[in-house]
Amino acid sequence: ERREERGERREETTRRRYMNTTCRTKTLHNTTSGPSHHRRRLRTQALHRHQHQHQHQHHQHQRGEAVGLAATRNRKERKGPHTPFQGTKRSQTFGLIARARMDKVEGEQEQDQAQLIDGKAIAETIRGEIRDEVARLKEESGGRFEPGLAVVLVGERKDSQTYVRSKKKGCEEAGIKSFGTDLPETATEEEVLAVVREYNADPRVHGILVQLPLPSHMDEEKILMAISIEKDVDGFHPENIGKLAMRGRDPDFVCCTPKGSVELLERSNIPIAGKSAVVVGRSNIVGTPAAMLLQRRNATVTVVHSRTPNPEKYIREADIVIAACGVANFVRGDWLKPGCAVIDVGINAVDDPTKKRGYRLVGDVCFEEAVKVAGQITPVPGGVGPMTIAMLLQNTLEGAKKAYEQGK
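Each residue of the sequence shown is one higher than the one before, starting from 1 at the first, in UniProt numbering.
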């Protein structure tokens, strides 16, 4: 800028000198010849040369600005949209680190909800394993040996009929032969016992299941005790329960629902040993055997039940919660320890006019609240339910393999 100012001053001085000289020349010499004309021509050429140099410098300056702008624009186009930390390799490295941290935060935000434990998928995997093992047994025996399951149904309860159909369908898919006996609600206890004894003596049957509940006029324990312990695939025989409770003793069979609940934990890679576990409910079918199974796997187990004051106090400390109390939405989300694993065994029907059937199925845990706190959780339905039938088929296969080995 200073050079330009000096150049402009010189140009102005030269112009004034030229104008003064021209005026004097026109006044004193009205001719175009002689030394005066030569001097005027030299001055004019010098002025034109100076103007040309100044214009050239100005054009060069403008051209330099244009080139600089174009280069800057090209660099921006090569770099793409402006992002933080873009420039040197070091700044780009810091940019990548910042981006990774942002991705991690976004991932943590996306993981605000618990991971669902897909009981259907895990049960299907187990059924595939059972199907393969059954096929191996049949091939090894030359087709002479086939696992068999017998189901005894008393009465016409719709839910019991549905369960029995599901079990028969599972047998067909796994290659297990199914046997069935349906008795009316008015059947006597002795008639049921006679059917059980018949299946006990049948070598084609490796598992016997009496569908519960039984009519009120029957002694449930007496009928279950009548099932041969080698065929007690439901795991309800007192001897099997007793062995489950004792260290160093292995029951022939474990109750299907608690066995399936623990299997869900193990197949989901959820650690049990050394963890604090709470079982909500103490029934002989689920709660009590579930607590025994967890204890066998070295968990520290607490059982809460209807007489436990402030059950939430114990549940808040649990790494693992198995809910099996039969009360819809009993366990609330703020009762849970953040990141815990929740196995919801309950299945309860609650009124819902938006549903075609007028109701919907919910568990013993308030899923909408728990899913925001827990680390892993089973849905209802689609969690423990499919595993119960898978464990029944697995128990039947184990009984069949023992019978096959003994018959060799």
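Think of the CB as a built atom: it goes at the ideal place given N, C-alpha and C, for glycine as much as any other residue.
Might you give, ordered along the chain, the residues of its own chain that have their beta carbon closer than 7 angstroms to the beta carbon of residue i, omitting 5 neighbours on each side?
i: Thr27; result: With a pLDDT of 45 at Thr27, under the threshold of 50, the modelled position of this residue cannot be trusted, and the question is left open.
i: Pro338; result: Val373
i: Val350; result: Ala328, Tyr359, Arg360 and Val362
i: Leu397; result: Ile130, Glu133, Val134 and Pro147
i: Arg267; result: Ile122
i: Asp182; result: Leu153
i: Ala174; result: Arg127, Ile130, Arg131, Val134 and Leu393
i: Ser283; result: Ala324
Beta carbon of residue i, beta carbon of residue j: below 8 angstroms?
i: Phe253; j: Val233; result: yes
i: Ile223; j: Val205; result: no
i: Gln115; j: Gln295; result: no
i: Ala291; j: Val304; result: no
i: Ala318; j: Ala277; result: yes
i: Leu149; j: Gly242; result: no
i: Lys401; j: Leu153; result: no
i: Ile176; j: Leu393; result: yes
i: Ile320; j: Ala341; result: yes
i: Ile343; j: Ser261; result: yes
i: Asn298; j: Ala273; result: yes
i: Gly119; j: Leu264; result: yes
i: Glu156; j: Glu185; result: yes
i: Ile117; j: Gly383; result: yes
i: Gly407; j: Lys231; result: no
i: Tyr404; j: Phe145; result: yes
Keeping to the same chain, check which residues put their C-beta closer than 8 angstroms to that of residue i; ignore five residues upstream and five downstream.
i: Tyr163; result: Gln211
i: Ile389; result: Ala123, Ser166, Lys167, Gly170 and Cys256
i: Ala245; result: Met292
i: Asp219; result: Glu189
i: Val67; result: Legend: pLDDT at Val67 = 45, less than 50; position of this residue unreliable, no value from coordinates given.
i: Ser306; result: Cys325
Once DSSP output is grouped into helix, strand and coil, what is the label at residue i?
i: Gln406; result: helix
i: Gln394; result: helix
i: residue 467; result: Not covered by the structure: residue 467. The range shown for the chain is 1 to 408.
i: Ala328; result: coil
i: Arg10; result: helix
i: Lys177; result: strand
i: Ile126; result: helix
i: Asp334; result: helix
i: Val373; result: coil
i: Asp182; result: strand
i: Val233; result: coil
i: Val365; result: strand
i: Asn269; result: coil
i: Met246; result: coil
i: Lys259; result: helix
i: Pro289; result: helix
i: Ala318; result: coil
i: Pro386; result: helix
i: Lys401; result: helix
i: Leu214; result: coil
i: Val164; result: helix
i: Arg2; result: helix
i: Lys158; result: helix
i: Ala187; result: coil
i: Lys355; result: coil
For residue i, which residues from the same chain have a beta carbon less than 6 angstroms from its beta carbon, with the 5 sequence-adjacent residues on both sides left out?
i: Val286; result: Thr257, Pro258, Ala324 and Val345
i: Asp202; result: none
i: Ala226; result: Leu193 and Val196
i: Asn348; result: Ala328 and Val362
i: Gly87; result: Bear in mind that the predicted position of Gly87 carries a pLDDT of just 47, short of 50, making it unreliable; the figure below should be weighed with that in mind. No residues qualify anywhere along the chain.
i: Val301; result: Ala277, Ala291, Leu294 and Gln295
i: Gly385; result: none
i: residue 441; result: Nothing in the structure corresponds to residue 441, since the chain is present only between 1 and 408.
i: Glu172; result: none
Looking at the strands, I want to know which residues DSSP matches up with residue i.
i: Thr302; result: Val278
i: Ile208; result: Ala150
i: Arg360; result: Val350
i: Ala323; result: Val280 and Asp344
i: Gln115; result: Gln376
i: Val192; result: Partner(s): none; Val192 has no beta bridge.
Indicate, with yes or no, if the ligand NAD has a heavy atom lying under 7 angstroms from the CB of residue i.
i: Pro238; result: What this structure holds is no ligand at all, so the ligand NAD is not there to describe.
- Task: Spell out a yes or no on whether the stretch 364 to 374 and the stretch 212 to 222 are touching, meaning 3 or more CB-CB pairs, one atom from each, closer than 8 angstroms.
- Result: Counting Cβ pairs under 8 angstroms, fewer than three are found: no touch.
- Item | Segment contact flag, the stretch 180 to 198 with the stretch 354 to 368, C-beta cutoff 8 angstroms, min 3 pairs | no
- Is the number of C-beta pairs between the stretch 186 to 193 and the stretch 128 to 141 that are closer than 8 angstroms three or more? By the Cβ rule, the stretch 186 to 193 does not count as touching the stretch 128 to 141, because fewer than three pairs are nearer than 8 angstroms.
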